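As given, the protein sequences belong to chains A and B, one line each in that order. Counting in my numbering, the first sequence runs from 408 upward without gaps. Counting in my numbering, the second sequence runs from 408 upward without gaps.
There are 2 protein chains.
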Amino acid sequence: MKLKHLIGVFACLLPGMLQAQELLSPNKELIMNFSLKEGGVPVYELSYKGKQVIKPSSLGLELYGEQEKVEFGSNVNRLTTTDPKTSLYDNFIIEKADTASHDETWHPVWGEESAIRNHYNELAVTLKQNGTNRRMIIRFRLFDDGLGFRYEFPQQQEMRYFIIKEERTQFAMVGDHTAWWIPGDYDTQEYDYTCSRLSEIRRLQSAAITDNLSQTSFSPTGVQTALQMKTDDGLYINLHEAALVNYACMHLNLNDAEMVFESWLTPDAMGAKGYMQTPCQSPWRTVIVSDDARDILASRITLNLNEPCKIEDTSWIRPMKYMGVWWEMITGKSDWSYTWDFPSVQLGVTDYSTAKPHGRHGATTENVKRYIDFASANGFDGLLVEGWNVGWEDWFGNSKDYVFDFVTPYPDFDLDEIRDYARSKGVRMIMHHETSSSIRNYERHLDKAYQFMVDNGYPALKSGYVGNIIPRGEHHYSQWIVNHYQHALEKAADYRLMVNAHEAVRPTGLCRTWPNLIGNESARGTEYQAFGGSKPNHTTVLPFTRLVGGPMDYTPGIFENDINKLNPNNHSWCNTTLVNQLSLYVTMASPLQMAADLPENYARFMDAFQFIKDVALDWDRSLYLEAEPGAYLTVARKEKGGARWFVGSTNGEQGREAHVDFSFLDKGKTYIATVYADAPDAHYKDNPQAYTITRYCVSSRSKLDQYTAPGGGMAVSIVEATPAEAKGLNRL
Amino acid sequence: MKLKHLIGVFACLLPGMLQAQELLSPNKELIMNFSLKEGGVPVYELSYKGKQVIKPSSLGLELYGEQEKVEFGSNVNRLTTTDPKTSLYDNFIIEKADTASHDETWHPVWGEESAIRNHYNELAVTLKQNGTNRRMIIRFRLFDDGLGFRYEFPQQQEMRYFIIKEERTQFAMVGDHTAWWIPGDYDTQEYDYTCSRLSEIRRLQSAAITDNLSQTSFSPTGVQTALQMKTDDGLYINLHEAALVNYACMHLNLNDAEMVFESWLTPDAMGAKGYMQTPCQSPWRTVIVSDDARDILASRITLNLNEPCKIEDTSWIRPMKYMGVWWEMITGKSDWSYTWDFPSVQLGVTDYSTAKPHGRHGATTENVKRYIDFASANGFDGLLVEGWNVGWEDWFGNSKDYVFDFVTPYPDFDLDEIRDYARSKGVRMIMHHETSSSIRNYERHLDKAYQFMVDNGYPALKSGYVGNIIPRGEHHYSQWIVNHYQHALEKAADYRLMVNAHEAVRPTGLCRTWPNLIGNESARGTEYQAFGGSKPNHTTVLPFTRLVGGPMDYTPGIFENDINKLNPNNHSWCNTTLVNQLSLYVTMASPLQMAADLPENYARFMDAFQFIKDVALDWDRSLYLEAEPGAYLTVARKEKGGARWFVGSTNGEQGREAHVDFSFLDKGKTYIATVYADAPDAHYKDNPQAYTITRYCVSSRSKLDQYTAPGGGMAVSIVEATPAEAKGLNRL
């Protein structure tokens, strides 16, 4: 860390000037102004290239008051006091303003780039509240691509513990922007995105709230972060948070008369939003801004605002390409469960050994070995198996506490045989820890389940939090449950295990600090293509929203669009072309990539499947060639420690031409580019499997204009070649 | 288990007779009638020797309805249904009525008797609900000393899972009885008892609710069990529950217009009172009844209704007499904490090694060794030390999650040295696990804390649940937290550890099944004598109420009444005579008995202290010689596996003569009885330390009439002697 006090960059601050502070980004294109308005209310505003991005917006928190002071020991007394004062948003004076600058380059364990520059100017304003003498620091970090700020609460006698009633951070918008939003919800993020004006959110909200197994909406104008917006004059603004640790996840609630967003934290069962002990701080609130949509994708603000890696030896953290006994259950072709013999099951009581199998169980030894064979033959690192452990007969919707023990297999799943078979085939098993959101039960079994993985050589786990949280009344995104995910993650690091948490809180860049967090769901994943289908442009929004916080286990690779062919009772349709699926391995960067479809579906398209086999998982460089939220993005990435490049172009609902300028290639070298493209008549709805595969000879002077179909895309793999190898290929 | 179908005891049941059932106790003095009243509502009534005890009272439960059925997999659908029907209290028909009889004698690991007879007649009524076809069994067991009944929910497709809105079990009283009650409360039982007519509860309730660190009152006529009552014609009726497992603790709410109690379960944060999966059952609801108060004390219904011991090898479960570095903190003479250096502490962050000790810390190596010396010199088994582990600076009242780690000592507590010193002196250390009610934090550390005990040779632990429960919104007595206590207890058995849980749910005879539960607080303990004082008759009520469920770690033995002498700022007074304190070691039977006062206070009264050194902890026989709730009780017990007898007489607020008939002694043998008695001018308020110690020669023909002072008592130890040894002693 190279923090140094800025001398000369900012004017020397005289006491009388402490009412207002200006902070410039390193390139001076962003300007943040902080001041106290009447009544001692902290206010900030933000501009970019002279355009206002955030109008003057209030900062602060509202606390619970009326704390009772109870004495223990000699005489138990209950003294009702009105201290602390509930307002932590006014009556402040600026006690101090510290400035600093920071410029370093750090190297993530995995990611879109092997080197990340963290360059910002910082302003830390120490506020003191009249009357209470409480101190709070608001720390701003202004990067060239946006702003981060957080509240810091130093240890002090005047504020030892406090309970947050609400955080009152405002983001005042300049106009009625276009936004790609999902409804604010304490328990799910698995919604399709709606694109609308801010003023239309209220009208469109109820239609946007589609059914989910656990959901808690809170306001007709509540939305989730990362929220991507676009102004009428072409600014892209993205609001999110970074380093969500020991705090409730933030939603945004829109005052649509004024176009002012205000933070809305996830409450606990009592309605309280945070239990704090000083010293402590809030997560960072982030505003990424640019007039070029590609800069949103290239921004590393979320990672940069997180703490450096806390795992000393990271050698065991390795990206994985995996398959799974999963899609056949998601589609309803087979089941997680084993039997229909019992009205309900009780672990340790129900005798599975004598139960009649219903014959639809997916995780049988035989079927798993079939997947292992295919995964091994095609060079995959891992295999996920779901539904292998007892308890799936009644695993959700019953508020069942002791729902899984995480380690006991069904009678038809031969754990040892499968483990040994996978090992002999070079495939590593990914363990499945579905918790059914019974958090206490999971924590009670955590050590045993992790030790099981160590004992059996499982390097990674997929955890799941389907259904309503137990303890009842808590939410998926409340502080206490956020702490659980963190606990499970840190303990996994102790066991040297990688975690891919589904239905957990959305990521906020924590994978910088804990790179064993190799994946999260936390959005509407591919499974919804089997639950009725997602919008064709869904994956052109996710990189601007969900992925701002970290990689997603999106589980792409669906080659058979007609789910009916897998399950006659399921009439879902996967709303993408086959090539669109290929493109996602590049555009949706993740160190964990699944090929989600069934081996038999891949067997029909082995030429296209080759791209999934080839594509890298970890990157030295990433270039965002073209992008527009909800419409398209084209990304080129160079594999880490290698010479290959991969390009993905993911298209939305309108057919268009994708453009690739190959100038990123080493000058003077020859490459072969294999282009997987939608056929001219391809369409996500009625002709999704129409694709072409063409090999070209390319160099740094090449250009490609390639049609991408509605719901389609393009995927390109580029390898260095000798002129002889490239002979006969068309040049681009 | 000797269950056999009764043939001839009950008339053969014809289908038409199924509307009403009669059940007789083995001695035929109790009669229970069960019937369905209009609307198919189950009703029971109870009589004793021809007197009505319980008037016709309804049975059943109210459920939450409107369950949403959500499908997972292909198409997520949310179907709102109105199933299940919310009533599980009407529209029943009797499908079957099974009767049985049971008579066995079993042997507890420890207790008031070494052999317990379990003798009852049983009626199990299978009810089927019209419309829903749901089945519920109500099982009645009628003993000579009372009734137990419970609800059983067989596994069935019609009722796989259900959520309890309220249990609707009525206990309709015949009149406006006298009751010894404490206010109904979801979070504490630490109240003084109020004796009043049932009709006066409403008026007296608010005064009865004294301050506590965590308390949640729910109704002006709510009371807790065990509830002891007395009718105007001399019947003693006791209402409680047995075998509280995976269910919310029951309170009683009085309809004081009709004098009908109805069950009132402890809710969770959502207000729900139980999450049930069939097959399952409620705890037993118990009605102990007699015209002799002594029979209430002698009743073993609560134990008999629990399951037999589930611990195979119980050799490691041994009663303990112990001292503690505790009373000096309770009185405020010293502190649990170590330093005043920090506004608050964070485990793993706060550096205690450089902190300045405030000099009031009780658990210092030196002080602990002083207690070890005294405990060892006087033959005590164990020593409890509180405040030895880091975190006590801000341990309650802050809703602090990570409050203790349970294993890290303060700098001035040399763990190894103390452990080795205690071992060398033959004293076993009792570990202290104060959780501050941060349940998840305790469960996260449970294995490590238990392993620590195994590693260091600690055989028993005192756990504590001071303050409001985390997860916030849950209560000390809600189902989910009841499950925690059970989890901690069963896991302790795995580690071969004994548990003494304070502020946990009141016991319900579970020590039969899990005899490593050697103690509970769950009532107003001796500590309140240092928190302003308890009523002088408090311990003449507890045996009729709190102790019906199991032993209490009451921590008696306070010899110095004037707390001011320990702490100039504490003006509390212990409202008993010194001899009353001695009597409690007999009248308040427990396998865990503390001598709670300081060594220096015992040193001043070593002749009286001799009784505490002598008294046994475990018993072959117990005889209840005289008893009246709230007034007095005299109990004689024969030590287990030995020939000594001990008599305790605990008196209430009025001076009286205690009467002991020594006919329980072996005929023809000579004994020496050492009688510890209040001096004639003794009084709990102004002359509590005035006592006499007299040795008598006694035989089975002896009788003793001994004055016991207000707040006083008597203690007698009786050992067999040769005539020569008894020579010169007065004969009784």
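Backbone N, C-alpha and C fix where the C-beta goes; we use that ideal spot for every residue, glycine too. Keep in mind that this is a model prediction, so the values were computed, not measured.
Contact of M677(A) with chain B is assigned, a C-beta pair being separated by under 8 Å. Distance from the Cα of Y1031(A) is smallest, within the candidate group I703(A), S606(A) and G447(A), for I703(A). Per DSSP, the unbroken beta strand (DSSP E) holding K462(A) starts and ends at K458 to S465. Taken in chain order, the unbroken stretches of beta strand (DSSP E) that lie wholly in the region 734-804 of chain B and span 3 residues or more are 789-792. In this model, N796(B) and Y817(B) are separated by some 6 Å (Cα to Cα).
Taking the CA atoms as reference points, M636(A) sits about 16 Å from S670(A).
In the DSSP assignment, Q893(A) falls within the unbroken alpha helix (DSSP H) covering Q886 to D901.
Secondary structure of A1097(A) (DSSP, three-state): coil. Checking the DSSP bridge columns, you'll see R1028(B) partnered with K1045(B). A straight line joining the alpha-carbon of F1053(B) with that of V1126(B) spans about 9 Å.
Of the candidates G1118(A), E850(A) and D663(A), E850(A) places its Cα closest to the Cα of D812(A). Spatial neighbours of K1047(A) in its own chain (CB-CB distance under 8 Å, excluding positions within 5 residues in sequence) are listed in chain order as W517, S521, A1023, D1025, W1026 and D1027. Within the same chain, Cβ atoms closer than 6 Å to the Cβ of L822(A) are found at P816, the five residues on either side in sequence being excluded. If you ignore the 5 residues before and after G731(B), its C-beta comes within less than 8 Å of the C-beta of Y778, L790, L791, V792, E793, I837, T962, M1001 and A1003, all in its own chain and listed in chain order.
For Q596(B), there are no neighbours in chain A by C-beta distance under 7 Å, as the nearest C-beta there is about 14 Å away. Of the candidates R542(A), F951(A) and T721(A), the residue whose Cα lies closest to the Cα of C602(A) is F951(A).
For E1007(A), the uninterrupted alpha helix (DSSP H) segment begins and ends at P1006 to A1010. Annotation for K740(B): L973 and N974 place their beta carbon closer than 6 Å to its own, counting only its chain and skipping 5 residues before and after. In the DSSP assignment, A579(B) is bridged to K462(B) and V667(B). Ranking Y1103(A), G1120(A) and L1111(A) by CA distance to the CA of K1134(A) puts Y1103(A) first. From the listed residues H658(B), G804(B) and L999(B), the smallest Cα separation to I589(B) is found for H658(B). Counting C-beta pairs closer than 8 Å gives fewer than three between the region 526-540 of chain B and the region 932-950 of chain B, which falls short of the contact rule. In this structure, the beta-carbon distance from I708(B) to I695(B) falls below 8 Å. Under the criterion of beta carbons closer than 8 Å, L985(B) and A1015(B) qualify as touching, at roughly 6 Å. Where Q564(A) is concerned, there is no enclosing beta strand (DSSP E), because DSSP gives it neither an H nor an E. When Cβ-Cβ separations below 8 Å define contact, K807(A) makes contact with chain B. In the displayed model, S831(A) falls within a helix according to three-state DSSP. The Cβ atoms of P1036(A) and N982(A) lie no closer than 8 Å to each other.
Along the region 686-714 of chain A, the beta strand (DSSP E) occurs as fully enclosed runs of 3 or more residues at 691-697, listed in sequence order. Under the DSSP assignment, P449(B) falls in the beta strand (DSSP E) whose first and last residues are V448 to Y455. In the structure shown, E850(B) adopts helical secondary structure according to DSSP, grouped into three states.
If only complete runs of 3 or more residues are kept, the region 918-1000 of chain A shows the beta strand (DSSP E) at 924-927, in order along the chain.
With distances taken between CA atoms, E665(A) lies nearest to T628(A) out of T628(A), K503(A) and D698(A). C-alpha of Q936(A) to C-alpha of Y1114(A): approximately 24 Å in a straight line.
Closer than 8 Å at the C-beta level to chain B, one finds these residues of the region 540-572 of chain A: Q562, Q563, Q564, R567, Y568 and I570. Contacts with chain B at 8 Å (Cβ-Cβ) include T685(A).
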